[in-house]
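**Q** Please find one structure pasted underneath; my questions will follow.
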Amino acid sequence: HNQDSCRKIEAFLARADAGEGEMPEAVNLQKGEREFFTPVRDKKGKVIGYFERHEWYWDLKPLDGNG
């Protein structure tokens, strides 16, 4: 990953460590999809990894709901 991606991943992992679940990451207008960051936890709830989920989307509004 490049430096910008590493910073993004570290920020998402910090939020996941604080208890957040799946988080919106970006809207990719070229691919027509929304991207989500999803933490993976062990049985005790500790974050042990993550995956990105991509969702095809009809109405590509910004993730913050504005626009």
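The letter at position 37 of the sequence shown is residue 37 when you use full-length UniProt numbering, and the numbering goes up by one with no holes. Yeah, the Cβ is synthetic: ideal placement off N, Cα and C, and Gly gets one too.
Could you compute how far the alpha carbon of R34 sits from the alpha carbon of F51?
**A** Straight-line Cα distance between these residues: approximately 14 Å.
**Q** What residue range does the alpha helix (DSSP H) around E10 cover?
**A** Per DSSP, E10 belongs to the alpha helix (DSSP H) from 3-17.
**Q** Beta strand (DSSP E) containing Y57: first to last residue?
**A** That residue, Y57, is in no beta strand (DSSP E); it is neither H nor E in DSSP.
**Q** In its own chain, which residues sit with a C-beta less than 7 Å from the C-beta of M23, not counting the 5 before and 5 after it?
**A** F12, R15, F36, F37
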